[in-house]
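**Student:** The following block contains the structure, expressed as structure tokens.
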Amino acid sequence: MVGLIGRFHQDDPIPAVFLVEEEDALRRSMRCCLEQEGYQVLEAKTATHADLVAAAFRQPIAVLVSEFGAGQPPERLHVSATLHLSGYRHDRLPPDVDVLRKPFPMIEFRRRVRALLERAATPPVGIVP
Numbered sequence: 004m005v006g007l008i009g010r011f012h013q014d015d016p017i018p019a020v021f022l023v024e025e026e027d028a029l030r031r032s033m034r035c036c037l038e039q040e041g042y043q044v045l046e047a048k049t050a051t052h053a054d055l056v057a058a059a060f061r062q063p064i065a066v067l068v069s070e071f072g073a074g075q076p077p078e079r080l081h082v083s084a085t086l087h088l089s090g091y092r093h094d095r096l097p098p099d100v101d102v103l104r105k106p107f108p109m110i111e112f113r114r115r116v117r118a119l120l121e122r123a124a125t126p127p128v129g130i131v132p
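Note that this note's numbering has the sequence shown beginning at 4, numbered continuously upward.
Listed below in structure tokens is the structure:
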């Protein structure tokens, strides 16, 4: 893959980002953005399709980007972090939920995914890996 040198250590697995988004054009744009960053990208249009994709993918998923709402993603998805997408301005979400409101610029999307990956890779204070 082009562009991976310098972003990830040679021995580290390439982070997988799972996109679950109904809007085809937005999902394609997000996929392109993430692939340019060198991430491994999975995608699904619906929660049912996401279950099927997750069942076939047997590696950890670093970030889930979805419209599942503030609830938990399907049980089969074991993810380190979730970025919720919302087209509604007045969603009542807990303050600890990472939300990106639609519409959004791809540069902001890229920044938010990168921040979630960095946060997921940082062990909690007091925990020795």
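Think of the CB as a built atom: it goes at the ideal place given N, C-alpha and C, for glycine as much as any other residue. Computed from a predicted structure; not experimentally measured.
Just to confirm before moving on: does the CB-CB distance between E111 and E70 stay below 8 Å?
**Tutor:** For the purposes of this step, residue 111 is identified with residue 108 of the sequence shown, where counting begins at 1. For the purposes of this step, residue 70 is identified with residue 67 of the sequence shown, where counting begins at 1. Not closer than 8 Å, so no.
**Student:** Figure out for me which residue from A123, L103 and L37 has the closest Cα to the Cα of Y91.
**Tutor:** Position 88 of the sequence shown holds residue 91. Minimum Cα distance to Y91 is reached at L103.
**Student:** Which one of P16, P63, E46 and E40 has the shortest CA to CA distance from R114?
**Tutor:** As a position in the sequence shown, residue 114 is number 111, starting the count at 1. If we check each option's Cα against that of R114, E40 comes out closest.
**Student:** Considering only the beta carbon of each residue, do K105 and S89 sit closer than 8 Å?
**Tutor:** Numbered from its first residue, the sequence shown carries residue 105 at position 102. Numbered from its first residue, the sequence shown carries residue 89 at position 86. For K105 and S89, yes; Cβs fall inside 8 Å.
**Student:** Quick check on Q13: buried or exposed, where buried means 16 or more other Cβ atoms within 10 Å of its Cβ?
**Tutor:** As a position in the sequence shown, residue 13 is number 10, starting the count at 1. Low per-residue confidence applies at Q13: pLDDT is 49, beneath 50, and the placement is therefore not dependable enough to give any value.
**Student:** Which residues in the same chain as A123 place their Cβ atom closer than 8 Å to its Cβ, once the five residues preceding and following it in sequence are excluded?
**Tutor:** Translated into the one-based positions of the sequence shown, residue 123 becomes position 120. Closer than 8 Å at the Cβ level, and outside the excluded window around A123, lie A65, V66, S83 and A84.
**Student:** Please report the Cβ distance between P63 and A118, rounded to the nearest whole angstrom; I am assuming they are in contact, meaning their Cβ atoms lie under 8 Å.
**Tutor:** Residue mapping note: residue 63 aligns to position 60 of the sequence shown, counting from 1. Residue mapping note: residue 118 aligns to position 115 of the sequence shown, counting from 1. Rounded, the Cβ-Cβ distance is 18 Å, inconsistent with contact.
**Student:** Find out if the Cβ-Cβ distance for the pair V100, H81 is shorter than 8 Å.
**Tutor:** Locating residue 100 in the sequence shown gives position 97, where the first residue counts as 1. Locating residue 81 in the sequence shown gives position 78, where the first residue counts as 1. Not in contact: V100 and H81 (Cβ atoms no closer than 8 Å).
**Student:** Give the DSSP-derived three-state secondary structure of L120 in the structure shown.
**Tutor:** As a first step, residue 120 is located in the sequence shown; it is residue number 117 there, counting from the start. Helix at L120.
**Student:** Output the distance between the C-alpha atoms of A73 and P98, rounded to the nearest integer angstrom.
**Tutor:** Counting from 1 along the sequence shown, the entry for residue 73 is found at position 70. Counting from 1 along the sequence shown, the entry for residue 98 is found at position 95. Summary for A73: the model assigns pLDDT 43, below 50, so the residue's position carries little reliability, and this model does not support an answer.
**Student:** With DSSP as the reference, label E46 as helix, strand or coil.
**Tutor:** Counting from one through the sequence shown, the residue named residue 46 turns up at place 43. The answer is strand: DSSP assigns E46 an E or B state.
**Student:** Find the nearest neighbour of R61 within the set C35, L45, F107 and S32, judged by alpha-carbon distance.
**Tutor:** Here residue 61 refers to the residue found at position 58 of the sequence shown. The shortest C-alpha separation from R61 is found at L45.
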